[in-house]
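Heads up, the sequence shown is in the numbering used here, so the first residue is 2 and it goes up one at a time.
Built from N, CA and C at the ideal position, the CB exists for glycine as well.
If you're wondering where the values come from, they're calculated on a predicted model, not measured in any experiment.
See below for the structure under consideration.
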Amino acid sequence: MSVLISGIIYILVSLAVVRVVNWEELATSAAPMALVAERGLGSEAHILLSSIALFAITNTVLITLIAGSRMFYGMAREGVFPQILKKIHFKTKTPWVAVIVIMITSIAFTLVGDIVIVANITVFAIVITFASINLAVIALRYTEPDIERKFRVPINIGKFPILPLFGLGISVYMGFQFEIEIILAGIIIIGIGGIYFVISKKKKIHDNLK
Numbered sequence: 002m003s004v005l006i007s008g009i010i011y012i013l014v015s016l017a018v019v020r021v022v023n024w025e026e027l028a029t030s031a032a033p034m035a036l037v038a039e040r041g042l043g044s045e046a047h048i049l050l051s052s053i054a055l056f057a058i059t060n061t062v063l064i065t066l067i068a069g070s071r072m073f074y075g076m077a078r079e080g081v082f083p084q085i086l087k088k089i090h091f092k093t094k095t096p097w098v099a100v101i102v103i104m105i106t107s108i109a110f111t112l113v114g115d116i117v118i119v120a121n122i123t124v125f126a127i128v129i130t131f132a133s134i135n136l137a138v139i140a141l142r143y144t145e146p147d148i149e150r151k152f153r154v155p156i157n158i159g160k161f162p163i164l165p166l167f168g169l170g171i172s173v174y175m176g177f178q179f180e181i182e183i184i185l186a187g188i189i190i191i192g193i194g195g196i197y198f199v200i201s202k203k204k205k206i207h208d209n210l211k
């Protein structure tokens, strides 16, 4: 439902934007939304829009950092990441080590210099994540057919789910729309994560056999 509502809002905003400014002019603008605000609300409207965007971006970054630290904490509890990442602060009850690691990682990405490159790598990683999730749904139908599911994807041909196939196809298509440098950087980062996961999993199995 949230995806549907967000999609409708995006469509309505897009329709409103092209009614104010021609799409060809929008395509050549470095700040299309600011241009629309200036045309529709006056010469100073872009300041208001920039302020709103600044708060929105700050909120998004904060949520992302919180979510990232919780992911590190959860993976540490599962034995995938180092155990130090699951340490909880005695007062705030937050995974403070994971928060610090996320903070350092985020600062390191800013050293790239060009925020567009960092943003594109992040979006590429998200697209690959969506592709992996859809692929996992398809694979689990055959590898774990009898597992209890809280939700089962509708529209199937036998065991094969159709919607995840569309999701996988769209994600792969979107992944190939990035520049080759972004794709290679994303693949390298994901590859490093994959290698670490395999090594940690083997180590966990070895420790359990002792």
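If you reduce the DSSP assignment to three classes, tell me which class residue i lands in.
i	result
Phe161	strand
Gln84	helix
Pro96	coil
Val113	coil
Asp147	coil
His90	coil
Thr29	coil
Ile193	helix
Ala142	For the sequence presented, residue 142 should be read as Arg rather than Ala. Helix.
Work out the CA separation of residue j and residue i for me, nearest whole Å.
i	j	result
Lys205	Tyr197	12 Å
Gly155	Val138	Per the sequence shown, residue 155 should be read as Pro rather than Gly. Their Cα atoms are separated by approximately 12 Å.
Ser201	Ser133	20 Å
Leu13	Ile122	28 Å
Gly8	Val18	15 Å
Leu49	Ser3	27 Å
Gln178	Lys203	35 Å
Glu145	Val102	35 Å
What residues in its chain sit with their C-beta under 7 Å from that of residue i, if we drop five residues either side in the sequence?
i	result
Ile129	Gly176, Gly187, Ile191
Ala46	Ala38, Glu39
Gly168	Phe131, Asn135
Val119	Phe110, Val113
Tell me which residues share the same chain as residue i and place their Cβ nearer than 8 Å to its Cβ, disregarding the 5 neighbours each side in the sequence.
i	result
Phe82	Phe73, Met76, Ser201
With a threshold of 6 Å on Cβ separation, who are the neighbours of residue i within its own chain once the five nearest residues in sequence on each side are excluded?
i	result
Leu27	Pro33
Which residue from the options puts its Cα closest to that of residue i?
i	options	result
Ile189	Ile148, Ala126, Asn23, Val113	Ala126
Ile158	Asp147, Val21, Ile10, Tyr143	Tyr143
- Message: Check whether the stretch 62-80 and the stretch 92-106 are in contact - that is, three or more C-beta pairs closer than 8 Å.
- Response: yes
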